Structure formats: C-alpha cells, structure tokens
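I have placed the structure first, in the form of structure tokens, so that the comments after it can refer back to it.
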Amino acid sequence: MKKILFTTLTGLVLLTSSTAFARTDPALLNQAAKNVVTVSKAKTLADETGVTLTGTIVKHIAGDHYEFKDKTGSIVIDVDDDLANGWQLKVGDKVRIVGEVDTHRVKPTEIEVLQIVRVK
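At position 65 of the sequence shown the residue is numbered 777 (my numbering), and the sequence of numbers has no breaks.
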C-alpha cells in the first residue's frame with residue numbers, strides 16, 4: 713500500500729512540475745511586452761525579468777543556443793526549436809525576441825526565449 717501511495721504521489725509531483733515549466737506565464741509575457749530593452753540593459757536585470765529585444769542572430773553556438781547582438785552588445789539566447797513556427801533560424805536573421813533574463817553563478821547572463829519573430 714505504501715509503495716502504491718509513494719508511486720502515485722511521485723507521479724503527481726512530476727506531472728505538475730513539468731506542466732508548470734512547460735507553459736508560458738501570461739504575466740511574464742505582459743511584463744516583457746512593456747520592458748523593451750537593449751542587450752546591455754538586459755545583462756543588468758534581475759533573474760526571471762521579462763524583456764523584449766530586437767537585434768540580429770550573429771552565431772549559432774550549439775543546439776538551441778545562439779549569439780544575439782544589438783547596437784549595445786551581444787548575449788547568448790536559448791531558443792527552443794518549436795518557437796520558430798516553421799522557419800529555420802539562421803545567422804543574419806533580424807529578430808524580435810520576448811523572453812526572460814536567466815542569470816547564473818558561473819556563466820554569463822542569457823535570455824530564455826519565449827517568443828521570436830523575424831523582422832525586416
């Protein structure tokens with residue numbers, strides 16, 4: 713009985729935690745829409761701050777990681793494959809990204825991208 717209860721509770725915890733991480737918080741998107749910043753400003757903001765930036769993809773680093781640049785500097789962005797809505801993200805693309813600041817103890821600040829669109 714204890715084993716069944718433990719398995720059930722573990723499954724529920726894993727299910728709810730993965731669901732929480734998988735969805736985009738509307739409040740964060742709203743904050744990001746109002747917080748249009750430059751790369752240099754984004755690097756100074758607190759972890760999990762919503763931001764909107766416009767610039768150019770200058771390098772594909774590896775996997776989902778790209779170097780993004782605007783007139784004030786560059787920053788690494790993490791873009792999930794499913795966010796590009798059918799188009800292949802490539803070096804030279806000018807894009808607008810909506811995301812959140814992701815600070816780390818030992819690596820430089822990044823932007824976790826929640827939405828991305830090509831701009832002309």
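Glycine residues also receive a C-beta, built at the ideal position from the N, C-alpha and C atoms.
Nothing here was measured: the structure is a model prediction, and the numbers come from that model.
| Check | Outcome |
| --- | --- |
| Segments assigned alpha helix (DSSP H), at least 4 residues, entirely inside the region 732-817 | 738-746 and 751-754 |
| Spatially closest choice to residue 820 from 737, 738 and 758, by CA coordinates | 758 |
| Residue closest to residue 742, alpha-carbon to alpha-carbon, out of 832, 828, 811 and 787 | 811 |
| For residue 831, the three-state DSSP class (helix, strand or coil) | coil |
| C-beta contact flag for residue 754 and residue 740 at 9 Å | no |
| CB of residue 776 within 9 Å of CB of residue 814, strictly | no |
| Distance between beta carbons of residue 831 and residue 807, contact taken as under 8 Å | 6 Å |
| Inter-residue Cα distance where the pair is residue 768 and residue 748 | 15 Å |
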